[in-house]
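Notes follow the structure.
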Amino acid sequence: MMEQAPNLRHVKVMRYVTPLREGGSMPAIAEADDDFLYVLKFRGAGQGTNALIAELIGGELARKLGLKVPELVFAELDEAFGRTEADEEIQDLLKFSEGLNLALHYLSGAITFDPAVDAISSAEASAIVWLDALLMNMDRTAKNTNMLKWHKELWLIDHGASLYFHHNWASWKDQALSPFTLIKDHVLLKYAGEVREFDHKAKQLLNVEFLKSLVALIPDSWLGDAFFESKNAFRDAYFEFLVTRMNNSDKFIKTIEDARAKLV
Numbered sequence: 003m004m005e006q007a008p009n010l011r012h013v014k015v016m017r018y019v020t021p022l023r024e025g026g027s028m029p030a031i032a033e034a035d036d037d038f039l040y041v042l043k044f045r046g047a048g049q050g051t052n053a054l055i056a057e058l059i060g061g062e063l064a065r066k067l068g069l070k071v072p073e074l075v076f077a078e079l080d081e082a083f084g085r086t087e088a089d090e091e092i093q094d095l096l097k098f099s100e101g102l103n104l105a106l107h108y109l110s111g112a113i114t115f116d117p118a119v120d121a122i123s124s125a126e127a128s129a130i131v132w133l134d135a136l137l138m139n140m141d142r143t144a145k146n147t148n149m150l151k152w153h154k155e156l157w158l159i160d161h162g163a164s165l166y167f168h169h170n171w172a173s174w175k176d177q178a179l180s181p182f183t184l185i186k187d188h189v190l191l192k193y194a195g196e197v198r199e200f201d202h203k204a205k206q207l208l209n210v211e212f213l214k215s216l217v218a219l220i221p222d223s224w225l226g227d228a229f230f231e232s233k234n235a236f237r238d239a240y241f242e243f244l245v246t247r248m249n250n251s252d253k254f255i256k257t258i259e260d261a262r263a264k265l266v
């Protein structure tokens, strides 16, 4: 049976509800034409479309690994959307975000996950730490866990700081082999005692067919026009980066184990 490829719905943003003034990306709660609320990530924010690509790849990789992630959708923002917005900063953000953005289903009533209060198994912590080491996600620390507790379950959000090599494509091949020492600051590191065991499962789930179908989702309008000769060449580089990191996962697994040994 052919494996189902990841697929994202398209929605149109109808109403700007309220800003979420967290970090530098200024996401917002918005209502779409399907009557659902979403956390809208803007292409016109500080890190531009690179953050949306990281969010897309990180979120769908997490979902494939069996972790809970709010539904991701492509969100179209009309050119006239921000004209009535009174806040000039938000008005500029909306203006520069016309076109295709990314949004996550809004988990109403969710609270920030706190590992000091909320229990987490070694298996689940290991899966999350492995994923964040693969993605070189520097933004799941005690200061900002980017995890929510919703209906007594753990949900992952905000992978926009992942894949930071794509802010400087000149070094992407070297970055693919990085041991990622920043994993030492991961909020779940001390609970992640089964990372090496999870590695085998992850490589079976994240096969070549899935990874190719995932990078194929990246819209042309999110990809640059420099460094590579075509949009598909950019997608190929993301694919090669992920494959290279998985094929050399022992590098970051050793970093995880060495860092964890200092904590436990």
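The numbering of the sequence shown is the working numbering, which starts it at 3 and goes up by one.
The beta-carbon is built from N, C-alpha and C at its ideal position, and this holds for glycine as well.
Source: prediction; values computed, not measured.
When you compare only the Cα positions, how much space is there between residue i and residue j?
| i | j | result |
| --- | --- | --- |
| THR51 | GLU211 | 24 Å |
| ARG11 | SER215 | 15 Å |
| TYR108 | VAL41 | 6 Å |
| GLY195 | THR147 | 19 Å |
| LEU208 | LEU63 | 8 Å |
| LYS117 | ALA228 | For the record, residue 117 in the displayed sequence is Pro; it is not Lys. Rounded to the nearest angstrom, the two C-alpha atoms are 42 Å apart. |
| LYS253 | ASP37 | 45 Å |
| ARG262 | ILE220 | 35 Å |
| VAL19 | SER251 | 42 Å |
| LYS154 | PHE230 | 45 Å |
| ASP120 | ALA235 | 43 Å |
| ALA127 | HIS169 | 28 Å |
| HIS202 | PRO8 | 21 Å |
| ARG247 | ARG237 | 16 Å |
| ARG65 | TRP157 | 10 Å |
| LYS151 | PHE98 | 33 Å |
| ALA204 | ILE255 | 13 Å |
| ASP260 | ASP187 | 13 Å |
| LEU265 | ALA32 | 41 Å |
| MET4 | ASP89 | With a pLDDT of only 48 at MET4, under 50, the local geometry of the prediction cannot be trusted, and the value read off the model is given with reservation. One C-alpha to the other measures close to 49 Å. |
| ASN249 | GLN206 | 12 Å |
| MET149 | PHE115 | 5 Å |
| LEU28 | LYS145 | The amino acid occupying residue 28 in the given sequence is Met; Leu does not appear at that position. Rounded to whole angstroms, MET28 to LYS145 spans 18 Å at the Cα level. |
| PHE200 | ASP176 | 25 Å |
Using CA atoms only, rank isn't needed, just tell me which of the options is closest to residue i.
| i | options | result |
| --- | --- | --- |
| TYR240 | GLU100, ARG65 and TRP174 | TRP174 |
| MET140 | LEU156, PRO181 and ILE220 | PRO181 |
| GLN93 | ASN103, ALA82, GLY101 and LEU102 | ALA82 |
| LEU74 | VAL13, LEU96, SER123 and ILE122 | VAL13 |
| GLU91 | GLU199, LYS145 and GLY46 | GLY46 |
| ASP134 | LEU213, SER164, PHE115 and SER110 | SER164 |
| ALA125 | MET28, ILE55 and LEU69 | LEU69 |
| SER110 | LEU39, ASP176, LYS145 and MET149 | LEU39 |
Measure the beta-carbon distance from residue i to residue j and round it to whole angstroms, keeping in mind my assumption that it falls under 8 Å.
| i | j | result |
| --- | --- | --- |
| LEU2 | ALA30 | With the chain covering 3 to 266 only, the question about residue 2 has no answer from this structure. |
| LEU191 | VAL131 | 6 Å |
| VAL197 | ILE258 | 5 Å |
| ALA53 | GLY162 | 4 Å |
| LEU79 | GLY48 | Contact flag wrong, Cβ pair sits at about 17 Å. |
| LEU67 | ALA129 | 6 Å |
| THR143 | VAL189 | 5 Å |
| GLN178 | PHE76 | According to the sequence displayed, residue 178 carries Ala and not Gln. Contact flag wrong, Cβ pair sits at about 27 Å. |
| LEU106 | ILE159 | 6 Å |
| TYR166 | ILE122 | No, TYR166 and ILE122 are not in contact; Cβ-Cβ is about 26 Å, not under 8 Å. |
| TRP171 | ILE55 | With a Cβ gap of about 12 Å, TRP171 and ILE55 do not count as contacting. |
Does residue i pass the burial test, meaning 16 or more other C-beta atoms within 10 Å, or should it be called exposed?
| i | result |
| --- | --- |
| ILE113 | exposed |
| ARG17 | exposed |
| ASN103 | buried |
| SER232 | exposed |
| VAL15 | buried |
| LYS43 | buried |
| GLU57 | buried |
| ASP222 | exposed |
| GLY60 | buried |
| LEU137 | buried |
Provide the residue span of the alpha helix (DSSP H) that contains residue i, from first to last.
| i | result |
| --- | --- |
| GLU90 | 90-97 |
| ALA34 | Element bounds for ALA34: not the alpha helix (DSSP H) but the beta strand (DSSP E), 30-34. |
| PHE200 | 197-207 |
| ALA56 | 50-66 |
| ARG17 | Where ARG17 is concerned, there is no enclosing alpha helix (DSSP H), although the beta strand (DSSP E) it sits in stretches over 11-21. |
| LEU133 | 124-137 |
| ALA235 | 233-249 |
| LEU213 | 210-217 |
Residue range of the beta strand (DSSP E) that residue i falls in?
| i | result |
| --- | --- |
| TYR40 | 39-43 |
| ALA77 | 74-79 |
| TRP152 | 149-152 |
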